[in-house]
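Residue numbers (our numbering): 7 to 264.
Here a beta-carbon is modelled for each residue, glycine too, at the ideal position from N, C-alpha and C.
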Amino acid sequence: MTSIAESVSPESNVAGAGENVVSLADVRFAWNAGSAIVIDIHRLDISRGERVFVRGPSGSGKSTLLSLLGGMVTPQNGMVRVLGQNLAALGGVGRDRFRADHIGFIFQMFNLIPYLSVVENVVLPCGFSQRREKRAAKEAGSVEAEALRLLTHLDMAAPDILERRVTDLSVGQQQRVAAARALIGAPELVIADEPTSALDADRRLAFIKLLFQECEREQATLAFVSHDAGLAPLFDRAIELTAMKRTNSADKPEPESR
Ligand SMILES: Nc1ncnc2c1ncn2[C@@H]1O[C@H](COP(=O)(O)OP(=O)(O)OP(=O)(O)O)[C@@H](O)[C@H]1O
Ligand SMILES: [Mg+2]
């Protein structure tokens, strides 16, 4: 059976080298009708394999921007394209499928499933996406083997760690489980919302190196949010959200036409 994402975004249509994986045009977003505009971006293009660092003060809209890239929300104005696909055109179910197939998300609050083991948490995206299941199994022989490979890279494969409930892991360990879960099945776009906030300086660098390595293996694009400005030079490009906002950002968005 052809999945919705396969039918709207077959491999042949997926952006190739040099093409934009993310493309925002005239995007305005407010969380509620009549409330302040949080995102107001004229243009933002991110190319294949590019690693972009997003910064801005707390409340400036970093997580909101990532939610737009992941299709968790859609803008009142303008267009968000990922891999050439206009996310708003997919509808809610289509966006869920598209995200499952093409996007690995490391959430600010991890969103690990407390009653599942470490490995079960990591392989979870493969249960929602045959595409990622196939890619993960091809990589290591089975999705579980690929989960273990990623966890080993993240220094999380010790038997006593694997046997623990995820709720019994330290916050930094949970963060690494969340990273392995985002990377499994080689999604084209990896989105990370402050994935290093709970890690010490040594682990932070090691974590970023591994994240880069895994993204490079698959030519994945990385959008990474952090308060830690010291990490910015490691990336291909840094964007400052406050500076991107247009001067008319005090305006209210136009009413929804849908
Ligand atoms: N689900 C939501 N519903 C309504 N308003 C929201 C929601 N999420 C965020 N906001 C508002 O949108 C604005 C931007 O929030 P966002 O979480 O994107 O900021 P941030 O830059 O990620 O901040 P932080 O660095 O603290 O994580 C804030 O004013 C926030 O209150
Ligand atoms: Mg945030």
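Can you name, in chain order, every residue of its own chain whose Cβ lies under 6 Å from the Cβ of residue i, other than the five neighbours on each side?
i	result
Pro165	none
Arg57	Leu228, Phe241, Asp242
Arg200	Per the sequence shown, residue 200 should be read as Glu rather than Arg. Around Glu200: Gln114, Val231, Ser232.
Ala143	Val149
Phe116	Gln180, Ala184
Glu145	Glu152
Glu262	For Glu262, the predicted model reports a pLDDT of 46, less than 50, meaning its position is unreliable; a value from the coordinates is still stated below. Excluding sequence neighbours, Glu262 sits near Gln82.
Met162	Arg182
Arg137	Asp107
Arg101	Gly77, Leu93
Measure from the C-beta of residue i to each C-beta in chain C and report whether the shortest distance is under 8 Å.
i	result
Arg57	Going by chain labels, chain C is absent from the structure shown, which holds only one protein chain.
Check whether the Cβ atoms of residue i and residue j lie closer than 8 Å to each other.
i	j	result
Ala207	Val177	no
Leu156	Val124	no
Pro223	His48	The amino acid at residue 223 is misidentified as Pro; the sequence shows Arg. Not closer than 8 Å, so no.
Val86	Leu72	no
Ala106	Ser135	yes
Ser53	Val79	no
Ala186	Leu160	yes
Asp51	Ser29	yes
For residue i, I'd like the list of residues in its chain whose CB is within less than 7 Å of its CB, leaving aside the five on either flank, ordered along the chain.
i	result
Val44	Phe35, Ala36, Trp37, Gly67, Thr70
Leu118	Asn127, Val172, Gln180, Val183, Ala184
Leu189	Gly110, Leu156, Val196, Glu220
Ala244	Phe59, Arg61, Ala238
Glu150	Val125, Val129
Ala235	Arg61
Leu216	His159, Leu160
Phe218	Arg57
Leu211	none
Arg209	Gly178
Ala31	Arg49, Gly84, Met85
Ala42	Ala36
Thinking residue i and residue j are a contact (beta carbons under 8 Å), I'd like their distance in whole angstroms, please.
i	j	result
Ile112	Ala198	4 Å
Ala226	Glu246	Not really, about 23 Å apart at Cβ, beyond 8 Å.
Val33	Gly84	4 Å
Leaving out five residues on either side along the sequence, give the residues of the same chain with a beta carbon under 8 Å from the beta carbon of residue i.
i	result
Thr248	Gly62, Pro63, Ser66
Gly133	Glu139
Glu25	Ser53, Arg54, Gly90
Leu175	Val124, Ile167, Val183
Arg141	Gly191, Ala192
Pro120	Arg171, Val172, Thr173
Leu271	Any property of residue 271 remains undetermined from this structure, which presents the chain solely from 7 to 264.
Does the distance between the C-beta of residue i and the nearest non-hydrogen atom of ligand 3 fall short of 7 Å?
i	result
Asp199	This structure does not include ligand 3; its bound ligands are ligand 1 and ligand 2.
>> Any residue with its C-beta under 5 Å from a non-hydrogen atom of ligand 1 counts. Can you list them all in chain order?
In response: In chain order, the qualifying residues are Trp37, Val44, Ser64, Gly65, Ser66, Gly67, Lys68, Ser69, Thr70.
> Taking only runs of the alpha helix (DSSP H) that begin and end inside the segment 105-182, which ones reach a length of at least 4 residues, in chain order?
Replying inline: Entirely contained in the segment 105-182, the alpha helix (DSSP H) runs reaching 4 residues are, in chain order, 124-134, 136-146, 149-159, 165-169.
> Unbroken beta strand (DSSP E) runs of length 3 or more, entirely within the segment 192-241: which are they?
Replying inline: 195-199, 227-231, all fully within the segment 192-241.
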